[in-house]
Every structure is written in C-alpha cells, then in structure tokens.
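A.B. asks: In my numbering, the protein residues as written are 99 to 257.
Where is the CB? At the ideal position from N, CA and C, for every residue including glycine.
All of these numbers come straight from a predicted model, not from anything done at the bench.
#1: Based on the DSSP secondary-structure assignment, which residues constitute the bridge partners of residue 105?
#2: Which residue's Cα is closest to the Cα of residue 121: 209, 218, 233 and 247?
#3: Return yes when the Cβ of residue 124 is within less than 8 Å of the Cβ of residue 155, no when it is not.
#4: What does a CB cutoff of less than 6 Å around residue 101 pick up in its chain, not counting 5 residues either side in sequence?
#5: Roughly how many whole angstroms lie between the Cα atoms of residue 178 and residue 207?
#6: Determine the direct distance from the alpha carbon of residue 143 to that of residue 196, and round the result to whole angstroms.
#7: On the DSSP bridge assignment, give the partners of residue 156 in chain order.
#8: So within the segment 136-198, which uninterrupted beta strand (DSSP E) runs reach at least 3 residues, ignoring any that extend past its ends?
#9: Measure the beta-carbon distance from residue 135 to residue 244 and round it to whole angstroms, keeping in mind my assumption that it falls under 8 Å.
#10: The alpha helix (DSSP H) spanning residue 247 covers which residue range?
#11: Per DSSP, which one or two residues make a beta bridge with residue 203?
#12: Could you check the C-alpha separation between residue 137 and residue 151 for me, to the nearest Å?
#13: Distance check for residue 256 and residue 173, CA to CA, integer angstroms please.
#14: Along the beta strand (DSSP E) that carries residue 219, what are the first and last residues, could you check?
#15: In terms of alpha-carbon separation, which member of 164, 247 and 148 lies closest to residue 131?
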C-alpha cells in the first residue's frame, strides 16, 4: 500500500483521491487552531512557499481529538488559518486520528515505521513525510519544528 490508495474528504465533503499527488513529496499533518503548536502554521507555510514549485505539498488534516483544540467548522478553521497565518496549502475536512472512528489514512500512517506496529499520534502537529512513491519515509513529532526538518524534505525532493 501507498498513500495513493486512500481517498479523503475535502472541506466541502467531496471525496479526493490522494493519487492526484503521485510523484510529489508530501507532508501530512494533523493540526489544531488553539494549540501551543499552532504557530507552526507560519513555518509550514514558509516551507510550502519555498518548495511548492519543486513538487512539494502539505496536506493539512484538522483534528479536534486533543483537548478539543480544533473547535469550529471546517470553514471557520480554514478562515482562521488563512487570515492569521496566510496558509495556502491544502486543508481537508476535520478527521479523527485516534480511536474507533480513526481515518483509514491515519490507521495506515501510524503503522509505517521500522517495526510496522501502530505508533499512535500523540498530539496535534504530528507530521509524516511521504516520498514521491507514496511511502512514509519519516515521522516528525509535534515538538519537531519545520525548520528542523526542512533539509530532510529537500533531500526527498532531490531524489
């Protein structure tokens, strides 16, 4: 399996096949608007602006499961991110990354490690780096600021 085998919902509830991102380097992030890590939106947007023309995309999945730090509708979340952080990368419909209603995408993402055993998402702003073949090649925890791993993204883009 690869990320291209999954479909997700856009903010309007339309199904989007992730195969549309074939050949690109992706950063998949579960986000929240009222979290201590929310300012990472600024660095993520900077990374996106710098690298988007080289085939880089950020896929933003708001999630309200961690202390309800992503309240509001999809439209309200998008408006906040656009107005406060001027984000232009793709934001999808709010999802669940844990539990019985876990998104199939996240059920797969969390098993993509050296032991192929689920390693649950600990908090908002967990980031998964996907190579041009649709495979997870790195995972960055919420405390990992985008500035810390931008060179790793660039390395994937150069392959």
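C.D. replies: For this structure:
#1: 115
#2: 233
#3: yes
#4: 116, 228 and 232
#5: 27 Å
#6: 26 Å
#7: 125
#8: 154-160
#9: No, residue 135 and residue 244 are not in contact; Cβ-Cβ is about 11 Å, not under 8 Å.
#10: 244-255
#11: DSSP lists no partner for residue 203.
#12: 24 Å
#13: 35 Å
#14: Looking at the DSSP string, residue 219 is not in any beta strand (DSSP E), and its letter there is neither H nor E.
#15: 164
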